[in-house]
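So the number in my numbering is just where the residue sits in the sequence shown, counting from 1, plus 80.
Here a beta-carbon is modelled for each residue, glycine too, at the ideal position from N, C-alpha and C.
Everything on this sheet refers to the single structure shown next.
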Amino acid sequence: MVDPPSDIAHLLGPNEQVQLYIQQKIYHPKINVDSVVLTNERVILRHPHALGLKKDYTDFSYTDIANAILDKGIIRSTVKCVLRFGGDPLMLNDLPNEQAEKAYGIIRENLARFQTPFSTGYAAMGPGGTPPLQQQMVAQMKTCSKCGQKSAQGLKFCGACGSHL
């Protein structure tokens with residue numbers, strides 16, 4: 081992995097670590113090279129301009145990204161990140177396939193880590209297909225001896241038939 085520029089270190093939080101640094105390759109002569117920095121907390125786009133004397137940064141937290149899509153080509157690929165609150169998607173264009181696959185893997189891993197447990201799908205499920213918190217709640221429920229309906233703990237009467245629990 082190529083080391084990220086020193087100006088990126090000033091933007092990182094106390095526990096934030098660079099996981100991947102990608103310099104986008106441009107085939108025609110260009111002075112300013114855009115680059116992408118993937119950290120364990122966000123995606124940072126670096127836009128140097130004015131002969132590299134000035135730099136603009138745009139960052140996207142993984143909580144703001146709803147989904148990532150890898151569009152793999154023969155030589156180059158695109159990683160498209162769909163934003164949660166609308167707007168144009170974040171496009172990482174013309175990346176070599178190897179770097180695009182690494183970027184996609186890092187983004188997917190961090191999406192699963194930062195999104196709420198119910199939006200990540202089966203990753204947060206316990207055995208039997210129910211979330212762990214819901215399993216605890218089911219274990220604490222009382223069963224009515226008359227109708228067999230489960231009722232929440234602390235209730236004195238069954239909600240279905242009205243008999244004493």
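Check                                                                                                                             : Outcome
CA-to-CA distance, residue 96 to residue 90, given in whole angstroms                                                             : 11 Å
CB-CB length for residue 125 against residue 99, believed under 8 Å                                                               : The Cβ separation is near 15 Å, so there is no contact.
Where the beta strand (DSSP E) through residue 141 begins and ends                                                                : 134 to 141
Chain-order list of residues whose beta-carbon lies under 7 Å from that of residue 200 (same chain, five-residue window excluded) : Residue confidence is low: residue 200 scores 49 on pLDDT, short of 50, so the model does not pin down where it sits. Its coordinate-derived value is still stated next. These residues qualify, in order along the chain: 192.
Burial state of residue 137 (16 or more Cβ within 10 Å)                                                                           : exposed
Supposed close pair residue 174, residue 104 - CB separation, criterion 8 Å                                                       : 6 Å
Residue from 115, 101, 158, 185 with nearest C-alpha to residue 129                                                               : 115
Member of 155, 181, 101 whose CA lies at the smallest distance from the CA of residue 83                                          : 101
Candidates 182, 223, 188: closest to residue 144 by CA position                                                                   : 188
Collapsed DSSP secondary structure at residue 164 in the structure displayed                                                      : coil
Length of the line joining the Cα atoms of residue 242 and residue 227                                                            : 10 Å
Residue 155 burial status per 10 Å Cβ neighbour count (16 or more: buried)                                                        : exposed
Sub-7 Å separation of residue 182 and residue 171 beta-carbons                                                                    : no
Beta-carbon contacts of residue 88 that lie in its chain and below 6 Å, excluding the five residues immediately before and after  : 117
Cβ neighbours of residue 92 in the same chain (closer than 6 Å, five flanking residues each side left out)                        : none
7 Å Cβ cutoff met for residue 164 and residue 146                                                                                 : yes
Alpha-carbon spacing of residue 127 relative to residue 178, whole angstroms                                                      : 23 Å
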